[in-house]
Amino acid sequence: HQLLSYVLPLASVCVVPSKLSEAFGMVAVEAMSAGVLPICNYHSGMKDVVDVLLKEMNELNEILPTNPDTFFDELPGNIIKALNYLYPNGYNDSSIKNEKARLLREIAVNNFSWEGVAKKLLL
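The working numbering puts the sequence shown at residues 130 to 252.
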């Protein structure tokens, strides 16, 4: 797990193909905190994370949320959509990806860090 903090930020997307119910979408939040766009099944605890992500970045409605019944059939197309979203000028230009990575991290910190959760509970 220690190496993950070095490797995960190198990715553009993180596929979270969980079929089983999860209490919380920790893997999706970890990806976001590393500036990586999560593509995950829209159910249980991951649904809560995706809902926050869509509220902050509504342009992701074309990519997220995914239908749990068709997730695996739609996955290749959604990965391509995500990469086109992050690299609209081609893979040699990472300026948009870097901008979105900063935003993803900000969303993760503001909504899912201890401090972010505490602020929401107290306000």
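Glycine included, C-beta positions come from ideal geometry on N, C-alpha and C. These numbers were taken from a predicted model, which means no experiment stands behind them.
Nearest to residue i (by Cα), restricted to the options the options
i	options	result
S141	M161, S173, E185 and L149	M161
N181	D222, E228, N240 and Y216	First, the residue type needs correcting, since residue 181 is Val and not Asn in the sequence shown. V181 has its Cα closest to that of N240, out of D222, E228, N240 and Y216.
P146	L252, N196 and V238	N196
L189	M175, N207, N221 and G174	N207
L149	D222, G174 and C143	G174
K226	L251, W243, P138 and V158	P138
N185	L251, E191 and L233	Reading off the sequence shown, one finds Glu at residue 185, where the question assumed Asn. E185 has its Cα closest to that of L233, out of L251, E191 and L233.
V144	L132, H130 and L212	L212
K238	V178, E191, C169 and H130	The question names Lys, yet the displayed sequence has Val at residue 238. Nearest C-alpha to V238: V178.
Buried or exposed (CB count within 10 angstroms, at least 16 for buried), residue i
i	result
T199	exposed
H172	buried
V136	exposed
G164	buried
I236	buried
A247	exposed
Y214	buried
P217	exposed
E228	exposed
L166	buried
L250	exposed
E244	exposed
E159	buried
Exercise for review: Pick out the complete beta strand (DSSP E) segments inside the stretch 141-175, 3 residues or longer, and give them in chain order.
Suggested key: 142-145 and 166-169
Check your understanding: For the stretch 149-159 against the stretch 189-206, are there 3 or more C-beta pairs whose distance is under 8 Å?
Key -> no
Point to revise | alpha helix (DSSP H) segments (min. 4 residues) lying fully within the stretch 223-249 | key: 224-241
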